[in-house]
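Asker: Handing you a structure now.
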Amino acid sequence: MSKFKRTLITTALPYANGPIHIGHLAGVYVPADIYARYLRLKNEDVIMIGGSDEHGVPITLKAKNEGITPQDVVDKFHGIIKDSFEKFGISFDVYSRTSSPVHHETAAEFFKKLYDEGKFVEKTSEQYYDEANKQFLADRYIIGTCPKCGFEKAYGDQCESCGTSLSPTELINPTSTISGNQPVLKETKHWYLPLDQYEPWLKEWILEGHKEWKTNVYGQCKSWIDSGLMPRAVTRDLDWGVPVPVEGVEGKVLYVWFDAPIGYISATKELTEDWETYWKDPETRMLHFIGKDNIVFHCIIFPSMLKAEGTFNLPENVPANEFLNLENDKISTSRNWAVWLHEYLEDFPGKEDVLKYVLTANAPETKDNDFTWKDFQNRNNNELVAVLGNFVNRALVLTQKYYDGEVPARGELTDHDKETLAEIAKIKGEVEKSIDSFRIRESLKNAMDLARLGNKYLADEEPWKVVKTDAERVKTIMNICLQITANLTICLEPFLPFSMEKLRGFLNFEKMDWEKLGETDLLPSGHKVNKPELLFEKIEDKVIEAQLQKLAATKKANEMAEAKAAPAKENIEFDDFAKMDVRAGTVIECEKVAKTKKLLKLKIDTGIDQRTVVSGIAEYYQPEELIGKQVSILVNLAPKKLRGIESQGMILCAENADGTLSIVSPDKAVKNGSEIR
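The opening residue of the sequence shown carries number 1 in full-length UniProt numbering; numbering runs sequentially from there.
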């Protein structure tokens with residue numbers, strides 16, 4: 001039995017500067033939801049807290065780039081995120097936001113208490129300042145050359161090319177992203193949380209007291225502590241966030257890392273007046289579900305804040321996951337390299353559980369892992385359809401066929417029957433052992449073993465053959481299959497809630513508590529089951545190909561955006577340029593050159609004459625769309641034969657970084673033969 005009366009689950013607050021993607025889901029929300037649903041099935045007192053992180057520089061950068069206000073940004077993406085979570089079935093008890101009045105009040109009160117009790121250190125330091133815009137620059141408002149790898153667009157806090165953590169003063173040739181000017185260093189005052197003072201306590205609390213934490217979490221904490229902790233600023237110069245509640249201080253807000261975790265407290269306040277029971281009663285267990293980039297904040301910084309405040313519980317465990325990549329490339333919001341949840345829900349209606357299953361089965365629990373669309377297809381077709389769906393369908397179809405949908409009574413049990421029924425309780429124990437240790441991927445595998453058990457039992461017993469010689473024996477076989485099916489609705493409920501609701505509909509069966517899992521008489525004889533449908537359906541190659549094409553288009557767009565113009569060629573004299581005779585002309589005829597992919601044959605009225613030109617633009621233009629179009633043509637180019645056709649000039653085109661061509665045309669109609677200079 002747990003020593004705790006209740007559990008508070010918090011989930012990392014996603015930045016409201018973009019939608020939710022599969023990396024967020026795999027790292028945080030799917031495992032948290034599975035664990036919360038599991039505890040609810042056990043009738044434990046549990047609440048799951050979520051919300052949008054709506055402060056910080058990524059929000060203000062997004063607003064600046066789009067010419068809107070930060071509030072506009074967070075209103076848009078908070079709505080998208082919350083709606084996506086609801087449709088996907090992430091079972092938050094509350095999903096809040098840090099721009100809410102209750103959060104501003106809670107965060108300000110938290111800061112003020114520590115400030116009044118002298119828990120902060122006040123420091124004056126030099127920070128970059130944009131003189132043109134008269135403001136201090138947050139780290140992400142500064143870009144420059146990374147001193148480690150030479151990447152020219154590294155941010156003031158991190159290089160996204162090599163991943164190195166940086167400080168703004170380390171950048172080579174720093175530039176303000178607001179004005180484009182070189183910033184200057186200017187003194188500013190801030191308050192710091194003296195983490196160095198909490199180092200001895202953290203060593204004892206984490207390194208001695210929580211050796212049961214996941215190795216990736218414990219190891220990262222140990223590395224930070226062993227390296228020596230430094231005071232960390234809790235305020236910054238910015239006009240978006242929770243204002244610092246100190247008289248005479250203007251233009252300063254709480255640093256987002258300080259204000260965001262307080263969002264868990266303010267969200268709980270929104271949920272219940274009894275919020276202090278979940279935060280201050282020692283019989284409450286607090287769990288932080290996060291990704292590895294948040295380990296330091298939730299294991300070292302936030303606990304130090306809570307310790308300094310003095311009245312709050314500390315986290316009992318922080319089951320953080322590593323990162324999920326996409327098709328062997330790092331997921332990136334800025335590069336649009338992601339599978340976005342709201343788009344998935346549109347592209348795969350009714351397949352919420354398929355994505356949950358794949359992300360859980362491939363969860364990055366101890367090391368970074370990779371999501372591929374082929375693996376998604378294979379796991380759906382070979383596991384959900386061929387294992388789980390196949391067993392359920394066979395059990396219910398045979399029940400309809402042999403007994404008109406009524407559960408048959410069990411007769412005398414064979415040793416094989418007894419062993420099979422006993423295995424259900426063993427599987428329950430394995431699932432519990434895994435999930436209680438936050439090995440969610442392993443727990444799903446163990447739960448699916450129940451479907452594998454059913455398939456093996458059916459294959460061994462072959463009721464479709466036995467029915468011809470021993471009809472009474474088949475009643476026992478089918479009863480056992482149906483008991484396994486009923487147990488599946490409990491065992492897989494935390495992992496596949498939509499599918500198990502559907503399966504309960506097939507069985508005409510009410511939702512059961514976890515304690516019922518393992519019982520072998522969940523469906524009484526004579527109970528009427530409904531006609532089944534397919535629990536899962538195969539995903540065809542063309543569906544996956546469409547997703548791969550979408551990613552290919554994204555990769556191409558990124559390459560185009562990052563491509564640099566070719567350097568200018570060597571200077572020429574004006575007289576050399578003047579030798580080129582470029583005229584405006586109109587296409588009067590156009591056709592494809594036979595047995596070629598790239599060539600078009602055009603007749604062009606140059607104002608001087610009508611001439612034939614062969615051009616390699618067939619991949620980018622259809623003949624009919626060029627007829628009547630004005631083009632720029634080099635008319636004094638020496639004729640050249642192409643595929644037996646004499647080409648008497650060259651159409652001028654602009655070539656994109658990806659090799660695509662676009663005809664250079666006058667933006668207004670001009671007389672054919674007009675010189676282009």
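All residues carry an ideal CB built from backbone N, CA and C; glycine is no exception.
Which term fits residue 570, buried or exposed, when burial requires 16 or more other beta carbons within 10 angstroms of its beta carbon?
Answerer: Exposed is the call here.
Asker: Suppose the cutoff is 8 Å on Cβ atoms and the five residues either side in sequence are ignored; what does the same chain contact list for residue 100 look like?
Answerer: Correct list, in chain order: 266 and 270.
Asker: Would you identify the three-state DSSP class for residue 473, choosing helix, strand or coil?
Answerer: Correct three-state label for residue 473: helix.
Asker: Can you list the beta strand (DSSP E) stretches of 3 or more residues lying completely in the stretch 253-331, in chain order?
Answerer: Entirely contained in the stretch 253-331, the beta strand (DSSP E) runs reaching 3 residues are, in chain order, 284-289 and 324-326.
Asker: Have a look at residue 663 and residue 563 and give me their C-alpha separation to the nearest angstrom.
Answerer: Answer to the nearest angstrom: the Cα atoms are 20 Å apart.
Asker: For residue 335, does the three-state DSSP call read helix, strand or coil?
Answerer: Coil, per DSSP.
Asker: Hey, which unbroken runs of the beta strand (DSSP E) at 3 residues or more fall wholly within the stretch 127-172?
Answerer: With a minimum length of 3 residues, the continuous beta strand (DSSP E) runs that stay inside the stretch 127-172 are 142-145.
Asker: Quick test of your reading: residue 554 and residue 337, contact by CB under 8 Å. State the CB separation rounded to the nearest angstrom.
Answerer: Going by Cβ atoms, the distance from residue 554 to residue 337 rounds to 6 Å, so yes, they are a contact pair.
Asker: Answer with buried or exposed for residue 1, where buried requires no fewer than 16 other C-beta atoms within 10 angstroms of its C-beta.
Answerer: Note on residue 1: pLDDT 38, under 50, position unreliable in the model; the coordinate value appears next. Exposed.
Asker: Could you tell me how far apart the beta carbons of residue 253 and residue 263 are, in whole angstroms, since I believe they sit closer than 8 Å?
Answerer: Residue 253 to residue 263, Cβ: 14 Å. No contact.
Asker: Below 8 Å between beta carbons: does that hold for residue 385 and residue 524?
Answerer: Not closer than 8 Å, so no.
Asker: Going by CA-CA distance only, name the one from 367, 474 and 62 that's closest to residue 27.
Answerer: Closest option to residue 27, Cα to Cα, is 367.
Asker: State the Cα-Cα distance for the pair residue 494 and residue 513, rounded to the nearest angstrom.
Answerer: For residue 494 and residue 513, the distance between alpha carbons rounds to 11 Å.
Asker: Going straight from the alpha carbon of residue 197 to that of residue 206, what length do you get?
Answerer: Near 15 Å, if we compare the C-alpha coordinates of residue 206 and residue 197.
Asker: Please confirm if the stretch 206-220 is in contact with the stretch 112-120, defined as three or more CB-CB distances below 8 Å between the two stretches.
Answerer: Contact fails: fewer than three Cβ-Cβ distances are below 8 Å.
Asker: Just to check my reading of the structure: residue 130 and residue 168 have Cβ atoms closer than 8 Å, yes? What is that Cβ distance to the nearest angstrom?
Answerer: Wrong, their Cβ atoms sit about 12 Å apart, outside the cutoff.
Asker: CB-CB under 7 Å to residue 159, same chain, minus the five flanking residues each way: which ones, in chain order?
Answerer: Answer for residue 159: 146, 148, 149, 151 and 166, listed in chain order.
Asker: For residue 414, report the span of its alpha helix (DSSP H) as first-last.
Answerer: No alpha helix (DSSP H) holds residue 414; DSSP gives it neither H nor E.
Asker: According to the neighbour-count rule (16 or more other Cβ atoms, all chains shown, within 10 Å of its Cβ), is residue 221 buried or exposed?
Answerer: The residue is buried, with at least 16 neighbouring Cβ atoms inside 10 Å.
Asker: For residue 640, tell me which candidate among 657, 623, 666 and 613 has the shortest Cα-Cα distance.
Answerer: When only C-alpha atoms are compared, the closest one is 613.
Asker: Applying the criterion that 16 or more other CB atoms from any shown protein chain within 10 Å of the CB defines a buried residue, is residue 656 buried or exposed?
Answerer: Per the 10 Å Cβ criterion, exposed.
Asker: Using the DSSP secondary-structure output, state which residues sit across from residue 47 in a beta bridge.
Answerer: The partner list for residue 47 (beta bridge, DSSP) reads 8.
Asker: Got a sec, what are the start and stop residues for the alpha helix (DSSP H) residue 220 sits in?
Answerer: Taken as a continuous stretch (DSSP letters only), the alpha helix (DSSP H) holding residue 220 covers 215-227.
Asker: Quick check: what's the CA-CA separation for residue 360 versus residue 444?
Answerer: Computed Cα separation, rounded: 7 Å.
Asker: CB residue 626 to CB residue 388, shorter than 8 Å?
Answerer: No, these two residues do not count as a Cβ contact at 8 Å.
Asker: Decide if the stretch 6-15 is in contact with the stretch 475-483; the criterion is three or more beta carbon pairs, one per stretch, under 8 Å apart.
Answerer: They do not touch, by the three-pair rule.
Asker: By Cβ distance, which residues of its chain are closer than 7 Å to residue 556, with the 5 residues on each side in sequence left out?
Answerer: Result list for residue 556: 658, in chain order.
Asker: Looking at the secondary structure, which residues open and close the beta strand (DSSP E) in which residue 94 lies?
Answerer: Its beta strand (DSSP E) spans residues 94-97.
Asker: Starting from residue 239 and walking both ways along the beta strand (DSSP E), at which residues does that stretch end?
Answerer: No beta strand (DSSP E) contains residue 239, which DSSP labels as neither H nor E.
Asker: So, helix, strand or coil for residue 1, using DSSP?
Answerer: Summary for residue 1: the model assigns pLDDT 38, below 50, so the residue's position carries little reliability; its value from the coordinates is reported in the next sentence. In this structure, residue 1 counts as coil in the three-state DSSP scheme.
Asker: In or out: residue 162 buried (at least 16 other Cβ within 10 Å) or exposed?
Answerer: Exposed: under 16 other Cβ atoms inside 10 Å.
Asker: Grouping DSSP H, G and I as helix and E and B as strand, with all else coil, what is residue 544?
Answerer: Of the three classes helix, strand and coil, the one that applies to residue 544 here is helix, per DSSP.
Asker: If residue 503 and residue 392 are in contact, beta carbons under 8 Å, what's the gap, nearest whole angstrom?
Answerer: Right, their Cβ atoms sit about 6 Å apart.
Asker: Identify, in the order they occur along the chain, each residue of the same chain with its Cβ nearer than 7 Å to the Cβ of residue 653, setting aside the five sequence neighbours on each side.
Answerer: Same-chain partners within the cutoff: 617, 661, 662, 663 and 664.
Asker: In the DSSP assignment, the beta strand (DSSP E) including residue 191 goes from what residue to what residue?
Answerer: Its beta strand (DSSP E) spans residues 184-193.
Asker: Compute the minimum distance between the beta carbon of residue 215 and the heavy atoms of the ligand SAH, and state whether it is under 7 Å.
Answerer: Among the ligands in the structure shown, none appear at all, so the ligand SAH cannot be discussed.
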